[in-house]
Amino acid sequence: MAGRPKNLVDPVRSAEANAARKAKRISVRTLAAAVGEPKSTVHRFLREGIIPGGDVSRADRLVATIDSGVAPAIGKSRREMREALTGQILQAGKAGRGKFAEDLQKAVTAARAEQGTRAVQIARPRGDLAELLDVTYPGVGLSDAVLRPDLREGVERIVIEHKRRAELEAYHLKPRRKLLFVGPPGTGKSMTAHGIATELGLPLFTVQLDGVITKYMGASASKLRLIFDSMIGVRGVYFFDEIDAIAASRGAENDIGEARRLLNSFLQLVDRDNSHSIIIAATNHSSLLDRAVFRRFDSAFHYELPTGEEARQVLKNNLLAFEKQKQEIDWDLVDERAQRLSQADLVAAAVGAARKAVLENEGQLTTDELVWALDARSQIHAK
Ligand SMILES: Nc1ncnc2c1ncn2[C@@H]1O[C@H](COP(=O)(O)OP(=O)(O)OP(=O)(O)O)[C@@H](O)[C@H]1O
Ligand SMILES: [Mg+2]
0 MAGRPKNLVD PVRSAEANAA RKAKRISVRT LAAAVGEPKS TVHRFLREGI IPGGDVSRAD
60 RLVATIDSGV APAIGKSRRE MREALTGQIL QAGKAGRGKF AEDLQKAVTA ARAEQGTRAV
120 QIARPRGDLA ELLDVTYPGV GLSDAVLRPD LREGVERIVI EHKRRAELEA YHLKPRRKLL
180 FVGPPGTGKS MTAHGIATEL GLPLFTVQLD GVITKYMGAS ASKLRLIFDS MIGVRGVYFF
240 DEIDAIAASR GAENDIGEAR RLLNSFLQLV DRDNSHSIII AATNHSSLLD RAVFRRFDSA
300 FHYELPTGEE ARQVLKNNLL AFEKQKQEID WDLVDERAQR LSQADLVAAA VGAARKAVLE
360 NEGQLTTDEL VWALDARSQI HAK
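Residue numbers for the sequence shown follow numbering that gives the first Met the number 0, so the first one is 0 and each next one is one higher.
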C-alpha cells in the first residue's frame with residue numbers, strides 16, 4: 000500500500016456515484032477545476048475514490064471541495080466522505096506517515112470548521128432565537144490571554160480534543176464539550192470562550208440570559224429548549240455567561256419552585272445534550288452553584304486574579320507601542336500598585352496610561368503614568 004492510500008469507495012459504489020454525479024449535473028470538468036487536477040485524475044478519483052497520488056496539498060483541495068459538491072457527486076454524504084477521510088488519516092498514521100496524517104487531519108478540520116461558519120452565516124439566529132443568541136466570529140486566539148500554566152494547559156487540551164476528534168472517535172471516545180468556568184470578574188472567562196471558538200474556527204453564540212428569563216416559567220423553559228435545539232443544528236461554542244442568574248436561585252431564601260424548576264430544566268438540557276457543540280457556562284460565584292450543577296459538566300476551570308508576574312505580563316502585552324520605554328519603568332513599584340487588580344483592570348490601566356502618555360507627556364510612557372492609571376482602577380473598586 001506504500002505511497003497509495005486506500006480506496007474511499009468500492010467499485011460498485013463508484014458506479015453509482017458516477018450516476019449520481021451525472022444526475023446532479025456536476026461535470027468532471029468542474030470537479031477537475033475544483034480539485035486542481037487533470038480530468039483523467041478526477042475520472043480515476045470517481046472510479047476508485049482515492050486521493051490522487053496521496054499528495055497532501057491535493058488532499059487539502061479535495062477536502063475543500065467536499066462542500067462544493069464532490070460528496071453528493073460520488074454518492075456520499077459529507078459525513079461519509081469525512082469518515083472515509085478520517086479512516087485514511089488513521090491508516091496513514093499507522094503506516095508511519097505521520098506528516099501526511101497530520102496534514103490530512105488539518106485539512107479535514109479546516110473544511111469542517113469552514114462549513115460550520117458558513118452554515119451559521121446562512122442560519123443566523125432568527126425569530127425568537129435572535130433575541131436569545133448573540134453570534135460573533137471571534138478573532139482573538141488563546142495566545143492573547145495570560146493564563147496560569149495549568150489553566151492554559153487545561154484549555155488547550157480541550158481545543159486539541161476537538162481538533163483531533165477523529166482519533167478519539169476511532170476509539171469510541173469523545174472530546175469534552177460541557178465546560179464550567181468559575182472565577183472573579185475580569186479574569187478571562189469570556190476571553191477564553193472566545194479563544195476556544197477562534198482556535199476551532201467555530202462561531203461563538205453568547206446566550207442572552209435576560210432574554211431567557213421571563214416571569215413565566217413555561218416560557219423560560221421553552222426558550223432554553225430553543226437554544227439547545229440550535230446546538231444540534233448549528234455547531235458552535237454556546238456561552239452561558241453568568242449562569243448564576245439561573246443557578247443561584249436554587250436553595251436561596253426566596254426559592255419559590257419556579258427558579259428551581261428553571262434550573263432543573265437547564266441542567267436536564269445540559270445533561271441530555273448530545274450535539275457536537277461546545278457548551279461553556281461561566282459564573283463568578285462558585286459557592287452559589289450547587290453540586291448538581293458541577294456534576295453535569297465534563298470539566299470545571301478555575302480563574303483567579305493574576306500573580307505578580309502575570310499582572311506584569313498583561314500590562315506589557317498591552318503596551319506594545321512603548322517597547323523601548325518599557326525598559327525604563329520601575330516594574331517593582333508597578334507590581335505593588337497592580338495588586339488585587341483583575342486582568343481586565345490591568346488592560347484598562349495599560350490603555351489609560353498609554354492614552355495619558357500620548358496626550359500629556361509627548362508620547363513618553365513613564366512609571367508615573369502607569370502608577371496613576373493603576374491607582375485609578377484600584378479606586379474604582381474601593382468605592
Ligand atoms: N487572563 C487574561 N489575560 C489577558 N487579558 C485578560 C485576561 N482576563 C481578562 N482580560 C482582559 O479583560 C477583558 C475582559 O475579560 P473577560 O470578559 O474575559 O473577563 P471575565 O472573566 O469574563 O469577567 P466577567 O466575570 O465579568 O464576565 C478581556 O477582553 C481582556 O482584554
Ligand atoms: Mg465574562
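The beta carbon of each residue, even a glycine, is placed where N, CA and C say it ideally should be.
With 16 or more other Cβ atoms inside 10 Å of its own Cβ, K188 counts as buried. If you check the CB distance, V139 and Y302 do not come in under 8 Å. Closest in C-alpha terms to A347, from the list W371, S274 and L208, comes W371. Ranked by how close their Cα comes to the Cα of S341, the residues G362, S274, T306 and E359 have T306 in first place. For A281, the Cβ falls inside the 7 Å cut-off from some heavy atom of ligand 2.
Contact between K177 and V292 does not hold, since the beta-carbon distance rounds to 11 Å and is not under 8 Å. Bounds of the alpha helix (DSSP H) holding T191 are K188 to L199. K177 is bridged by DSSP to I278. For S298, there is no enclosing alpha helix (DSSP H); the enclosing beta strand (DSSP E) has its first and last residue at S298 to H301.
Closest by C-alpha distance to F300, out of W330, E155 and Q338, is E155. The shortest C-alpha to C-alpha distance from F265 to any of S285, A310 and R295 is the one to R295. Annotation for I328: T366 place their beta carbon closer than 6 Å to its own, counting only its chain and skipping 5 residues before and after.
Not a single heavy atom of ligand 1 lies less than 7 Å from the C-beta of A196. For L132, the enclosing beta strand (DSSP E) stretches over residues L132 to T135. Between ligand 1 and the CB of A220, the shortest heavy atom gap is not smaller than 7 Å. Per DSSP, F227 lies in no beta strand (DSSP E); the unbroken alpha helix (DSSP H) holding it starts and ends at M216 to G232. Per DSSP, the continuous alpha helix (DSSP H) segment holding V211 begins and ends at L208 to V211. In the DSSP assignment, F239 forms a beta bridge with V206 and A280. For A356 against E368, the beta-carbon gap comes to about 5 Å, under 8 Å, which counts as contact.
If you check the C-beta of P174 against ligand 1, you find no heavy atom less than 7 Å away.
Taken through DSSP and simplified to helix, strand or coil, T365 comes out as coil. The beta carbons of R234 and S298 sit about 19 Å from each other, so the pair does not count as a contact at 8 Å. Taken in chain order, the segment 143-176 contains no complete beta strand (DSSP E) segment of 3 residues or longer. K222 is not a Cβ neighbour of V236, given a cutoff of 8 Å. Not a single heavy atom of ligand 1 lies less than 7 Å from the C-beta of K315. Cβ-Cβ separation between R336 and D374: approximately 6 Å, consistent with a contact (criterion under 8 Å).
For the options A320, A310, E322 and L319, the alpha carbon positioned closest to that of V333 is the one of A310. Shortest gap from the CB of T186 to any heavy atom of ligand 1: under 7 Å. By alpha-carbon distance to L208, the top candidate from E322, H161, L128 and H284 is L128. Annotated as proximal: E241 and T282, with beta-carbon spacing under 8 Å. In the DSSP assignment, N316 falls within the alpha helix (DSSP H) that extends over G307 to N316. Taking a 10 Å sphere around the C-beta of T197, we find 16 or more other C-beta atoms and assign the residue as buried. Ranked by Cα distance from S142, the options H193, L304 and G232 are led by H193.
Between L199 and K173 the beta-carbon gap is near 15 Å, outside 8 Å, which marks them as no contact.
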